Amino acid sequence: MEQTKIILIGKTGDGKSSTGNNTILGEQAFTPKASANTVTTKSVVKDGMVDGRKIRVIDTPGFFDTDRNDTEIKSEIVKALIECSPGIDAFVLVLKVGRYTRHENEVFHQFLNTVKEDALKHTVILFTFGEQLEGQTIKEFVKANSQLQELVDKCGGRCHVIDNKYWNNCVQVKNLMETIDKMVKDNGCYSNELLQMVEKEIREEMKINKDNLPQEQKQEKAKKNCS
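When the sequence shown is numbered by the UniProt record's numbering, its final residue is 227 and no position is left out of the sequence of numbers.
In structure tokens, the structure reads:
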């Protein structure tokens with residue numbers, strides 16, 4: 001069974017970890033901002049099953065985290081890419097419903113600086129705290145801000161909203177996964193030179209390593225050689 005690989009990107013405090021925990025995996029896999037241990041400081045990989053399908057979700061450190069500088073965060077995103085070799089099904093860019101400030105805009109540009117513009121064909125924007133829309137539709141909310149509309153357009157119009165009162169609403173998960181499936185069908189998986197190098201390293205490791213290590217351990221060894 002093929003595994004769907006998703007990388008969560010966003011700003012600290014916008015509900016990124018809670019999206020991975022409750023909306024996608026349906027379990028407390030990642031440390032959210034409100035917890036005693038504050039925030040995700042390194043990329044965290046969690047595997048799970050959603051409606052009978054294998055899912056790998058990688059939560060990356062939030063941009064503008066006071067404990068990490070942007071260079072360190074970019075390094076963690078690169079590690080997340082390596083964990084998704086040979087390709088990534090979806091980047092989920094998490095934004096909080098509310099004012100679209102320069103910080104939110106900077107998250108987008110930092111993301112692009114790390115993965116390049118081609119990644120937008122493989123990106124879904126997910127708005128959290130949907131209850132704050134107060135009767136507005138997500139399309140109306142996006143349309144009211146030209147920068148936000150431009151961002152959504154660059155991502156092929158793919159955006160969803162989740163209500164934080166009902167994080168684990170199965171309809172929200174179903175809609176998100178359907179969008180990811182269609183995106184992969186239309187655009188394939190995201191890959192770049194780094195991911196191709198990792199896959200080559202894995203193949204070489206499988207070929208030359210004659211020990212009795214399980215296949216997964218050989219793959220992990222190859223990934224470490226590239227990180």
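From the three backbone atoms N, C-alpha and C, an ideal C-beta is built for every residue, glycine too. Everything numeric in this text was worked out from a predicted model, so none of it was measured.
Under the 10 Å beta carbon count, T4 is surrounded by 16 or more other beta carbons and is classified as buried.
Contact between the segment 154 to 163 and the segment 112 to 129 is present, with at least three C-beta pairs closer than 8 Å. In the structure shown, C159 adopts extended strand secondary structure according to DSSP, grouped into three states. Burial state of E104 is buried, judged by a 10 Å Cβ sphere holding 16 or more other Cβ atoms.
Secondary structure note for K5: its beta strand (DSSP E) is the uninterrupted segment Q3 to G10.
The beta carbons of I24 and I55 sit about 7 Å from each other, so the pair counts as a contact at 8 Å. In this structure, the beta-carbon distance from V142 to T19 does not fall below 8 Å. Of the other Cβ atoms in all chains shown, 16 or more fall within 10 Å of the Cβ of M183; this residue is therefore buried. DSSP places D118 in the helix class (H, G or I) of the three-state scheme. By alpha-carbon distance to K16, the top candidate from G52, K96 and I88 is K96. Looking only at G188, K116, Q136 and V78, the smallest Cα-Cα distance to A90 is reached by G188.
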